[in-house]
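Beneath this line is the structure, given in structure tokens, with notes to follow.
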Amino acid sequence: MLTDWKRYSSANRAAWNEVAAIHKKTRPRDLHQFFTEPGASLLDPTETAILESFGLAGKRIAQLCCNNGRELISAVNIGALAGTGFDISDEFIREGRELAKIANADCEFVCADIIDIPEIYNSSFDIVYITIGALSWIPDLDTYFGIVSRLLKPGGNLLVYEHHPVTYLLPFEDKDFSPGGLILKPEYSYFNKEIIEGQGLDYFGFSEYDASKNYEFQHTLGEIVNSVIHAGIELLELNEYPYDIANGFKWAEDLGMFPLSYTLVGRKK
Ligand SMILES: C[S@@+](CC[C@H](N)C(=O)[O-])C[C@H]1O[C@@H](n2cnc3c(N)ncnc32)[C@H](O)[C@@H]1O
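Mapping the sequence shown onto the numbering used here, position 6 (from 1) lands on 18, and the numbers just tick up by one.
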């Protein structure tokens, strides 16, 4: 299993490194400018309220698959004591360090495959935070949430804020797509276990470039919840929302009929 994990994660590392420079041009916000503002946060009201409900003051927060740390830096800016971001992409980790410096936020960025996070981080965090587009890169959720559990202090909180697995059934936004005439023909089965091969990761500008292959894994909501429970994390709350946090289902958000995102809150026993 470890060999499979590594085979996919090393291909994905290359794919994420490749898109880093493209995201800088296509994303809607200049993050280098944004984080010059003291206390700047791009977290939305849903995740802000949950993080604040943990009581951020004095808390150490870790983000797994943190990308360039825009969310982690925001969490520190709204009151956490310090942040540690883990990501496999050298390029995004480099950018995270730059942004934290600009924001003057106490954040450390560690370039590592999640499966290789060193044991020195065990029981180090009051909060582990996982957001938008992290879980689909993970071949084995029991292993992943086992690592989450070893990073948390006893009594520490987990927040997962992700796009809903039902979005696998829905067609992506497309200029020829008309929601008025929607006949639902699922893109994938909800229970699909085939590896999803992609080429290109510019989910801001949808630009095409000479991209290497990347590999994603589909998990049902039940599998996600079960892996959290198997890891010794008590499930406190699971909420579903009609909000498109994946930047691909605006049409479905307008209809307001689909679960497009969810929050899962847990506590390490
Ligand atoms: C969609 S991005 C996360 C975006 C972030 N939530 C945000 O909104 O800015 C997914 C991240 O997962 C990272 N990743 C994928 N597989 C990983 C692995 N095995 N270990 C660590 N990071 C991984 C990628 O490098 C990428 O930065």
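Glycine included, every Cβ here is placed at the ideal spot set by N, Cα and C. What you are looking at is a predicted structure, and each value in this text was computed from that prediction instead of being measured.
Residue burial annotation: K71 is buried, with at least 16 other C-beta atoms found within 10 angstroms of its C-beta.
Under the 10 Å beta carbon count, P151 is surrounded by 16 or more other beta carbons and is classified as buried. In this model, G108 and N79 are separated by some 7 Å (Cα to Cα).
Under the rule that a run must span 3 or more residues, the beta strand (DSSP E) segments found entirely inside the stretch 229–267 read 245–253.
DSSP, read as helix, strand or coil, puts S201 in coil. Non-local beta-carbon contacts of T38 in its own chain, meaning distances under 7 Å to residues more than five positions away in sequence, involve D214, F216, G217 and S219 in chain order. Of the candidates A117, H242 and S65, A117 places its Cα closest to the Cα of G81. The beta-bridge partner set that DSSP reports for G278 consists of L170 and L247. Residue pairing by DSSP places T96 opposite A74 and E120 in a beta bridge.
Ranked by Cα distance from R279, the first of E199, I241 and H231 is I241. When C-beta atoms of the stretch 173–183 are compared with those of the stretch 138–145, three or more pairs fall below 8 Å, so the two segments count as touching.
Comparing alpha-carbon positions, the option among V277, N89 and G212 lying closest to I114 turns out to be N89.
A residue is called buried when at least 16 other Cβ atoms come within 10 angstroms of its Cβ; D56 does not meet this threshold and is exposed. In this structure, F46 has its beta carbon at no less than 7 Å from each heavy atom of ligand 1.
A distance criterion of 7 Å places the beta-carbon of T60 beyond contact range of ligand 1, judged by its closest non-hydrogen atom. Residue state for S21 is assigned as helix, using DSSP reduced to three classes. Comparing C-alpha distances from G91 to each of Q230, G67 and D99 shows the shortest one belongs to G67. With respect to the 8 Å criterion, V178 and F270 are classified as neighbours on the basis of their beta carbons. Per DSSP, E209 is one residue of the beta strand (DSSP E) stretching across I208 to Q211. Between S239 and the set F47, L153 and L276, the nearest pair of CA atoms involves L153. Scanning D138, V277 and S21 for the CA closest to the CA of D99 turns up S21. Beta-carbon to beta-carbon, I73 and A87 are separated by about 5 Å, close enough to satisfy the 8 Å threshold. For I142, the secondary structure class from DSSP, reduced to helix, strand or coil, is strand. If you check the CB distance, L272 and A264 come in under 8 Å.
With fewer than 16 other beta carbons inside 10 angstroms of its own, G167 counts as exposed.
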